[in-house]
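Heads up: the sequence shown runs through residues 1173 to 1469, numbered per this note's numbering. Virtual Cβ for every residue (Gly too), placed ideally from N, Cα, C. Only one structure is covered here, and it is reproduced in the block below.
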Amino acid sequence: MGGMRLLLLAKQVALGGSAALEGVMMKSPWAWALAVRLPDGQIHVERHEEPALSQRYPWAKLPLIRGVVALWDALSVSYRALARSAELVGGEEEMPKGALWGTVAVSLLIGIALFIVLPGFLSGLLVDPARLPLLYNLLAGLIKVGLLVSYLLFIGRMPEIRRFFMYHGAEHKAIHAFEKGLPLTVENVMAQPRFHPRCGTTFLAFVIVVSVLVYSLIPAPQVLWWRLLARVLFLPVVAALAFELLYFSARHEDPVSRFLRALGFRFQALTVAEPTPDMVEVAIKSTEAAVGEKVVA
1173 MGGMRLLLLA KQVALGGSAA LEGVMMKSPW AWALAVRLPD GQIHVERHEE PALSQRYPWA
1233 KLPLIRGVVA LWDALSVSYR ALARSAELVG GEEEMPKGAL WGTVAVSLLI GIALFIVLPG
1293 FLSGLLVDPA RLPLLYNLLA GLIKVGLLVS YLLFIGRMPE IRRFFMYHGA EHKAIHAFEK
1353 GLPLTVENVM AQPRFHPRCG TTFLAFVIVV SVLVYSLIPA PQVLWWRLLA RVLFLPVVAA
1413 LAFELLYFSA RHEDPVSRFL RALGFRFQAL TVAEPTPDMV EVAIKSTEAA VGEKVVA
């Protein structure tokens, strides 16, 4: 059972609207699995044997490097699972790789512009970054929090996204039950907490905290173009440190770790909702396939 603890950021796929296809993708260190509820009510499950990069390359387990590698791994698999789920619902042809990664690139650029560059620019209008770098970055962090929370609250009002958040809760509950060694029944899984210390939402919260400190050390903050560009260039460093913070806080019980987990859980309240039993059933199927206890063709 302990091996599943290496599952860092399981991702769920939820497609609402007319397609009416909803599902969960789980990633273990040695494979990933997709379980989707088809329009006829049946659950389709498939397992893809694909060791994580950290399993294939020893250097990918090194501190600081492992965070960036794990995030890239999870992002790659998540988008492939999303494309596969679209095929299942409508019998569509496989999405071209260029179109898929083009969508990923555009999404990342929009996210960087809104949540990295824009907060830095707005903060610079109010605080002199050269004289007060820490205050400047603290204000940028607060603006970033405001933008992120507002965005999540806004999309959380959409019925499809709300169901997406409910599947997020089902995913967490299934992982909790597995890590406790409980039989993966709907009753056992429903009884678990909906928050999990290794959630991607907690990671985002830690990115904001770490960015305040890292960006405060960037030299020549009085140069606007460099100040904004540096926030993008140093993003891998911020992500790597935030991952290490996530890794540490999830595995320790000291006061600092408990505080960090509590902070992460507050953020998770925006993206994790209580699931229904039928959602938990899908999460269970995906978890079983990912860990290889029940492989469904």
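Check this for me: beta carbons of residue 1196 and residue 1339, under 9 angstroms apart or not? In this structure, residue 1339 lies closer than 9 angstroms to residue 1196 by Cβ.
Residues bridged to residue 1209 (per DSSP): Bridge partners of residue 1209: 1194 and 1215.
What residues in its chain sit with their C-beta under 6 angstroms from that of residue 1299, if we drop five residues either side in the sequence? Taken in chain order, the residues that qualify are 1307, 1308 and 1311.
Please report the residue range of the alpha helix (DSSP H) in which residue 1388 lies. Following the DSSP letters along the chain, one finds residue 1388 in no alpha helix (DSSP H), marked with neither H nor E.
Range covered by the alpha helix (DSSP H) that runs through residue 1227: Going by DSSP, residue 1227 is part of the alpha helix (DSSP H) stretching over 1225-1228.
Once the 5 residues before and after residue 1301 are set aside, which same chain residues still bring their CB inside 7 angstroms of it? A distance below 7 angstroms between beta-carbons, with the five flanking residues on each side excluded, links residue 1301 to the following residues of its chain, in chain order: 1308, 1393, 1394 and 1399.
As assigned by DSSP and simplified to three states, the class of residue 1244: Under the three-state reduction of DSSP output, residue 1244 falls in the helix class.
Residue 1206: buried (16+ other C-beta within 10 angstroms of its C-beta) or exposed? Only buried fits residue 1206, as 16 or more other CB atoms lie within 10 angstroms of its CB.
Cutting at 6 angstroms between CB atoms, please list the residues of its own chain near residue 1225, excluding the five before and the five after it. If we look at residue 1225 and ignore the five residues flanking it on each side, its Cβ neighbours are 1232, 1241 and 1245.
Three or more beta-carbon pairs under 8 angstroms between the stretch 1402-1421 and the stretch 1330-1345, yes or no? Because the criterion of three Cβ pairs below 8 angstroms is not met, the stretch 1402-1421 and the stretch 1330-1345 do not touch.
Proximity winner among 1316, 1229, 1430 and 1303, relative to residue 1391 (alpha-carbon distances): Check the Cα spacing between residue 1391 and each of 1316, 1229, 1430 and 1303: the tightest is with 1303.
Status (buried if at least 16 other CB within 10 Å, exposed otherwise) for residue 1440: Buried: at least 16 other Cβ atoms inside 10 Å.
Quick check: what's the CA-CA separation for residue 1426 versus residue 1367? Taking the CA atoms as reference points, residue 1426 sits about 19 angstroms from residue 1367.
For residue 1419, which residues of its own chain have a beta-carbon under 7 angstroms away from its beta-carbon, when the five flanking residues on both sides are left out? Excluding residues within five positions, none has a Cβ falling inside 7 angstroms.
The alpha helix (DSSP H) with residue 1337 in it runs from where to where? In the DSSP assignment, residue 1337 falls within the alpha helix (DSSP H) that extends over 1331-1351.
Give every residue of the same chain whose Cβ lies closer than 7 angstroms to the Cβ of residue 1190, excluding the five residues on either side of it in the sequence, and list them in chain order. With a pLDDT of 33 at residue 1190, under the threshold of 50, the predicted position of this residue should be treated as unreliable, though the coordinate-derived value follows. Taking C-beta separations shorter than 7 angstroms and ignoring five residues to either side along the sequence, residue 1190 has no partners in its chain.
Report the residue from 1361, 1462, 1229 and 1243 whose alpha carbon sits nearest the alpha carbon of residue 1379. For the residues 1361, 1462, 1229 and 1243, the minimum Cα distance to residue 1379 belongs to 1243.
So residue 1316 and residue 1293 are supposed to be a Cβ contact under 8 angstroms. How far apart are they, rounded? With a Cβ gap of about 12 angstroms, residue 1316 and residue 1293 do not count as contacting.
Is the Cβ-Cβ distance between residue 1213 and residue 1414 less than 9 angstroms? A distance of 9 angstroms or more separates the beta carbons of residue 1213 and residue 1414.
Expected contact under 8 angstroms - CB spacing of residue 1369 and residue 1433 to nearest Å: Contact between residue 1369 and residue 1433 holds: CB atoms are separated by about 5 angstroms, below the 8 angstroms threshold.
Using a Cβ-based criterion (distance less than 8 angstroms to any ligand heavy atom), does residue 1279 qualify as near the ligand GTP? This structure simply doesn't include the ligand GTP, nor any ligand for that matter.
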